[in-house]
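Numbering (the numbering used here), first residue to last: -9 to 871.
Below is one structure, written out as structure tokens, with a few remarks after it.
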Amino acid sequence: MTGPDRRSVPALVRRSLARFRPEPKPLTVEDRLKRWADRVVEFDLVDRPYVEAITGRPFGSDAEAARFVIIGDGGRGLTLSPLVEPEWLQAQLTDPRTSWFDFLHQEDDRLVETGPVFDAAAYVGSLPEADRPRTTLDALRHFLAHARPETLLPTPAGRLGDAPTWAEHREAALARARSFAADQVRTRRRYRSTWDGLDAPAARSRYRRGLERAAAEPPVVSVVLPTRDRADSLRAAIASVRAQTWSSWQLVVVDDGSTDGTADLLAEAARDDPRIVPLAQASLGAGAARNTGLAAATGGVVAFLDSDNAWYPTHLEIAVAALLETGAAAVHTGLRMRGLNDPAARDGAPVETYRGEDGTWEDLLAGNFIDLNALVVTREAADAVGAFDLRLKRWIDYDYVLRLARAHGVPTYVPHLGVDYDNSHDGGRISSTHPASWQDVAVAPHLIDWTALEASAGDRSDDRVSIVMPVYRDWKLTRRAVEAVLASDDGAPGVEVVLIDNASGRSVSAILDSWFGGDDRVTVHRQARNLNFGLGSDVGLALSTGSRVVMLNNDTEVRPGWLAPLLAALDDEDVLGAQPLLLYPDGTVQAAGTVFGGDKVMPWHFLAHHPRLDVDRADARRFAAVTAAAAAFRARDLIRWRGFDPVFANGLEDVDLCLRALDDRPGSHFAVVLESVVVHHESTSPGRDDARLVNRRLFDERWRGRYPDLDVAGYEAAGLRLVGIEAGEPRGHDVMVRSSRPLVERAPRSGPWERDGLRWALKADLSDTRAAAACARLRGYLVFHGHDVVVDDVAAFYRSSCSIDDVAVLVATAEGAPRFVPQPGAVNAVWLDEDGRVDDLTRASFSVLAGPGAGDDHPAVSGRSAIVLDQLRAVAAEASS
């Protein structure tokens, strides 16, 4: 066989065998990310100590660190270098689907900003032409290879203040990273699938000296157990106490108004064991029942048990030994949880999980990890803490643990399994019927010392205005909002901006802190968990230093000259707070004050979605409430009112504050300052409206029978008439209050001609200068002749208040006209300016065509259409004369 023929044989064999080989498995997303992670290592950008600081874990190699970040980010906004912020970089890319590492890998010759402090174009421009890198990746590599600690970073244009050095930025980035990692630990799920603590023999060995002290002089442990209508589980709870290896106990069981045979069960138990003390009271709640039990307890040590849980036999023995050996004021043991802590439990297969660990005061503020059933306290400490706070509807035990820890230190953890905890869902539990925001109410007094703030209120600077801005997840809107505030130098006192990052992903605080790091007017304070708007704003108030405080949403954009008139309103002591005129980006009104409609009517924003003309005509400035999306207050007043009530989760906390303020200062009012304008982009943060219905219920329960009365004067001044309230559909019958919306129409106008009652809406693309001029000409003529006229730019063509317009006029120029669908119930007209043009569909769809470009040929019309045509022809005639 010749050479070529011989060479063809293996190829033929390979092709034949290939037909029998299985198809390769398709690459999974994780496979692709692993490949990318390996490529990213080749970029030479991985700062492993920095990644270790962010994640709070060590890595054996750069590849391991890169894989963790690229594959296991989990939405936390991680990065591999202090010079690269992926979200910042990707915001500059035209295709949002392109990842930051893909862009760098493509060796695209675009030079972009990789983060708030590194502009590749600026860096390349600073180098000798012969040494200039071609790509963004090469620019990063070049900087990292040649930069010294004192090298200034090439910051992007627009960043205020001096550029930081490489060492300064990296040190600050490492500090933020460590703080972020610590927050992740504090707020992690504290459950694990296996128990790794001490068994009974090991625990006895560890606390041997404590057991010896206990044997010599055993203290009596008073167990406080509240119950209501849980006879079945109560029997097991009592049995678990009687089975304790520690026999020196007193069980005080408080029946909180049971109707299910609990009283008979307790009487029987007390006959069997004199250490059981049954008490009964009217149904007042678990907190009140615990207080009753505490008052009756006589032991030198106090423990708590709920009637749907139970103890392991050695719980008290080991806990008392630990108390005596460590000298702690309180200890807590581990729990076995049965129920909803594992997703499998939701499928009807309860899965055991375990909880129990050490923690610091900061850990406790981030979330409770000490269950009341596991807590054992000395009597002295219990007496010092006092009673359970009955003002709380939920998280009463968290409040108790916080007060205990603040006074005596965080209870000591005993790594011994003591509690068998039933965590299954029960709609009758307090935790099932009251909102999660009670957690914020419990923790608030430990985040903010209102008494100290009140004492130092007089020390606040009169030359400084504090802008407090809560932030959640969105750095882009926040950046724009802060930049607008800093740029609006209108003669008002100096400002400080206090940003409260409500536990966003890492990138939000990292970007904002880096971008504004050169401006000492801005500070960023990241919270370990989301405090919502109310408590986040209160924390910002506590951190501020100005005598006047402006609460400002991070999705707002202030207009030049906004601050001085807003602050001037506070010169009147009868003004408790002032809000600017809030506009939507389309120019319509978002809020011009808050209006009430009487009992059971949820308040609404005055003239929301109306043209600004209606607000100017009404000139309403006195209100019972304003929105805190943008509102100025005296700091001393906010402190005296104790800020926003955290029980309201992102809704109605501002209205509640205003009504409490009016209770404090009857006869006063809140002001709307129409000369101050702020645009509200009104973004929707994830979870923003989760508690809307609960907030309504809380508000109604608090203010029932005391809602402010309906005030129609503002509507009448605007030439409008409030004809009724549109009630929303009820969403669940346990929330006994529905949404409300005003029904508004134009008030009748008196005059010798029908046209005196018409309201005109001019629809135009106001970026077209000829269209804007035509609108001005039309409006001037029509207003002079007694008409109401509003002008709508394209974004406001279909505002919800259009129904009160009698006439809709689309303005067309030589550039054409934007598409506008005629408005039902109105006379629809087209104004054709000189050389104005519209397409055939528009021309055929409008009943009236007029203007210099329309000519005189027009179909016969009658009624209001005739009046409209007559008026428009008059304007055209006046313009041509």
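For each residue, glycine too, the CB sits at the ideal point set by N, CA and C.
Buried or exposed (CB count within 10 angstroms, at least 16 for buried), residue i
| i | result |
| --- | --- |
| glycine 67 | buried |
| tryptophan 351 | exposed |
| proline 118 | exposed |
| leucine 313 | buried |
| leucine 35 | buried |
| glycine 913 | Nothing can be reported for residue 913: it is not among the residues displayed for the chain, which extend from -9 to 871. |
| alanine 866 | buried |
| proline 601 | buried |
| alanine 568 | buried |
| glutamate 893 | Here the chain comprises residues numbered -9 to 871, so residue 893 is not present and cannot be evaluated. |
| histidine 670 | buried |
| phenylalanine 774 | exposed |
| serine 273 | exposed |
| methionine 459 | buried |
| glycine 530 | buried |
| valine 19 | exposed |
| threonine -8 | Model confidence at threonine -8 stands at a pLDDT of 48, short of 50, so the residue's coordinates are unreliable; what they give is reported in the following sentence. Under this definition threonine -8 is an exposed residue. |
| glycine 105 | buried |
| glutamate 868 | exposed |
| threonine 249 | exposed |
Opening and closing residue of the beta strand (DSSP E) in which residue i lies
| i | result |
| --- | --- |
| threonine 252 | First-last for threonine 252: 252 to 262, but that is the alpha helix (DSSP H), not the beta strand (DSSP E). |
| asparagine 413 | 402 to 413 |
| isoleucine 457 | 451 to 461 |
| aspartate 570 | Note on residue identity: the sequence assigns proline, not aspartate, to residue 570. 565 to 573 is the extent of the beta strand (DSSP E) around proline 570. |
| proline 216 | 211 to 217 |
| arginine 854 | Here arginine 854 belongs to no beta strand (DSSP E); instead the alpha helix (DSSP H) covers 853 to 870. |
| serine 537 | 536 to 542 |
| valine 367 | 365 to 368 |
| glycine 283 | Careful: glycine 283 lies outside any beta strand (DSSP E), inside the alpha helix (DSSP H) at 276 to 286. |
| leucine 733 | 730 to 736 |
| aspartate 491 | 484 to 491 |
| arginine 516 | 512 to 516 |
| aspartate 782 | 778 to 782 |
Enclosing alpha helix (DSSP H) for residue i [first to last residue]
| i | result |
| --- | --- |
| tryptophan 440 | 440 to 445 |
| leucine 756 | Neither: leucine 756 is in no alpha helix (DSSP H) and is coded neither H nor E. |
| isoleucine 875 | Residue 875 lies beyond the range of the chain shown here (-9 to 871); nothing can be said about it. |
| alanine 206 | 198 to 206 |
| arginine 22 | 19 to 31 |
Within-8 Å CB hit, residue i to chain B
| i | result |
| --- | --- |
| leucine 688 | Considering every chain present, this structure includes no chain B. It has just one protein chain. |
Within 8 Å, strictly: CB atoms of residue i and residue j
| i | j | result |
| --- | --- | --- |
| threonine 282 | leucine 295 | no |
| valine 662 | valine 616 | yes |
| serine 855 | serine 837 | yes |
| glycine 704 | alanine 581 | no |
| tryptophan 185 | glycine 275 | no |
| asparagine 543 | alanine 620 | yes |
| aspartate 109 | proline 146 | yes |
| valine 366 | alanine 474 | no |
| histidine 326 | aspartate 410 | Note on identity: in this sequence residue 326 is arginine, with histidine being the wrong assignment. Yes, the pair counts as a contact, with Cβ atoms nearer than the cut-off. |
| alanine 639 | serine 494 | no |
| leucine 143 | alanine 153 | yes |
| alanine 618 | aspartate 545 | no |
| valine 487 | isoleucine 438 | no |
| leucine 525 | aspartate 452 | no |
| valine 310 | valine 455 | no |
| alanine 798 | alanine 785 | no |
Residues bridged to residue i (per DSSP)
| i | result |
| --- | --- |
| valine 817 | Val797 |
| tyrosine 344 | Arg182 and Arg326 |
| tryptophan 239 | Val211 |
| threonine 155 | Leu142 |
| tryptophan 301 | Val409 |
| histidine 595 | Thr584 |
| arginine 612 | Ala661 |
Contact belief for residue i with residue j at Cβ below 8 Å, rounded distance in angstroms
| i | j | result |
| --- | --- | --- |
| valine 231 | tryptophan 301 | 7 Å |
| leucine 150 | leucine 476 | 7 Å |
| arginine 218 | phenylalanine 359 | No, arginine 218 and phenylalanine 359 are not in contact; Cβ-Cβ is about 27 Å, not under 8 Å. |
| isoleucine 44 | phenylalanine 170 | 6 Å |
| serine 527 | phenylalanine 634 | 6 Å |
| leucine 859 | tryptophan 821 | At roughly 11 Å, the Cβ-Cβ gap does not stay under 8 Å, so leucine 859 and tryptophan 821 are not in contact. |
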